[in-house]
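In full-length UniProt numbering, the protein residues as written are 1 to 392. In this text, a Cβ means the ideal position worked out from N, Cα and C, and glycines have one as well. Remember, it's a predicted structure, so these values are computed and weren't measured experimentally. Below is one structure, written out as structure tokens; comments come after it.
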Ligand SMILES: *Cc1c(COP(=O)(O)O)cnc(C)c1O
């Protein structure tokens, strides 16, 4: 069809520069081994930290909910699409997170947009870590508040921004709890102390910490013992929780306000019963089976130590997100392709997702990986790394 010449040209350029991405469909469920192109591969690219995507209790909860309440809700939450299960789940989640209230949105992405676009106005300022997630950046694009960016996890830079923001009505400092490309944890205790000193509010996006850090996977606030000192927590139900959705955990007033003003909440249909029921069951599994989180961390230590012993650079990771940094963009993709040949699915990540010269293959182990699978994966890394002269 005519009319798209400008994007066709851009796509060609992306292909020439090696920046064009193709989707890689799974032919199986999302587990420690997946089928791609008819071949079984060890999955090291998912966010399915605890293996909950296929947990029998979640699947059963979803099937039962579909049977009793149907496949969809037929409305947005504010008109006719709030079911009792939505509110029951939000209460359960608030109790789990030790906050007054929670509100669930379609995704973590929309949760960030809803909070950041609606909570602040012209008299306010938002102060954001330079490496925060794209959904925070987009949320900030939608706010009328002033914006300041501080250097990644740099407390001096944050303090400067806070000092320079004294004249605003409300200062909101926003950070990822765990940074998704390097797997480092935000220095939340220091951030909280600075915010208290300068009377600023704090918002933490715990997408990669939900189900991973803190008691029973409550997140970074619980991990650092900061319950009651962080104003807004955003979390996702799409990663370790294994289903889909995002939530805001905060005060009742914040919940009420987002219900009135949060555009993704107001203008997009609510989660189907299967999603809500499976999420509810997932939180119950976090409470009942803390051994899943222990296994996740045991596997994390094992794979990280194995990669480091082989001579790979795993950067500053402190979580199950373990990058294998190779630097060169082309080489990162070659490593990923070679790993695939040897039975491992670990995606290459390059500019613009990470800085130029910082290209990498990112791995995320799950609680479902066995020692044997991790040994197989390490053997594949060794072969591929030597073949490409990344390690000797
Ligand atoms: C993945 C992610 C999100 C988006 O969550 P979804 O539920 O997948 O939309 C938001 N913030 C961060 C930091 C993330 O890593």
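At which residues does the alpha helix (DSSP H) containing residue 44 begin and terminate?
Neither: residue 44 is in no alpha helix (DSSP H) and is coded neither H nor E.
What three-state label does DSSP hand residue 205 in the structure shown?
Here residue 205 sits in strand by DSSP.
Inter-residue spacing [alpha-carbon to alpha-carbon] between residue 354 and residue 98:
In this structure, the alpha-carbon of residue 354 lies about 34 Å from that of residue 98.
Does the beta-carbon of residue 205 have 16 or more other beta-carbons within 10 angstroms, so that it is buried, or is it exposed?
So residue 205 ends up on the buried side.
Compare the C-alpha of residue 110 against each of 120, 134, 124 and name the closest.
Comparing Cα-Cα distances from residue 110 to each of 120, 134, 124, the minimum goes to 134.
With which residues is residue 69 paired in a DSSP beta bridge?
None; residue 69 has no bridge partner.
Cβ of residue 273 within 7 Å of Cβ of residue 69?
Result yes, Cβ atoms of residue 273 and residue 69 sit closer than 7 Å.
Entirely enclosed beta strand (DSSP E) segments - the region 308-361, minimum 3 residues:
321-327, all fully within the region 308-361.
For residue 128, write down the residues that DSSP places opposite it in a beta bridge.
Paired residue(s): 149, 174.
Quick check: the region 246-253 against the region 44-62, are there 3 or more CB pairs under 8 Å?
In this structure the region 246-253 does not lie against the region 44-62, because fewer than three pairs of beta carbons, one per stretch, are closer than 8 Å.
For residue 259, three-class secondary structure by DSSP
Secondary structure of residue 259 (DSSP, three-state): helix.
Strictly by DSSP, which residues pair up with residue 250?
The partner list for residue 250 (beta bridge, DSSP) reads 101.
By Cβ distance, which residues of its chain are closer than 6 Å to residue 100, with the 5 residues on each side in sequence left out?
251, 252, listed in sequence order.
Terminal residues of the alpha helix (DSSP H) in which residue 110 lies
Note, residue 110: alpha helix (DSSP H), 108-119.
Just verifying my parser: in three-state terms, what is the DSSP assignment at residue 220?
DSSP places residue 220 in helix when its eight states are reduced to three.
Going straight from the alpha carbon of residue 395 to that of residue 362, what length do you get?
For the chain, the structure presents residues 1 to 392; residue 395 sits outside this window and is missing.
Residue range of the alpha helix (DSSP H) that residue 275 falls in?
273-288 is the extent of the alpha helix (DSSP H) around residue 275.
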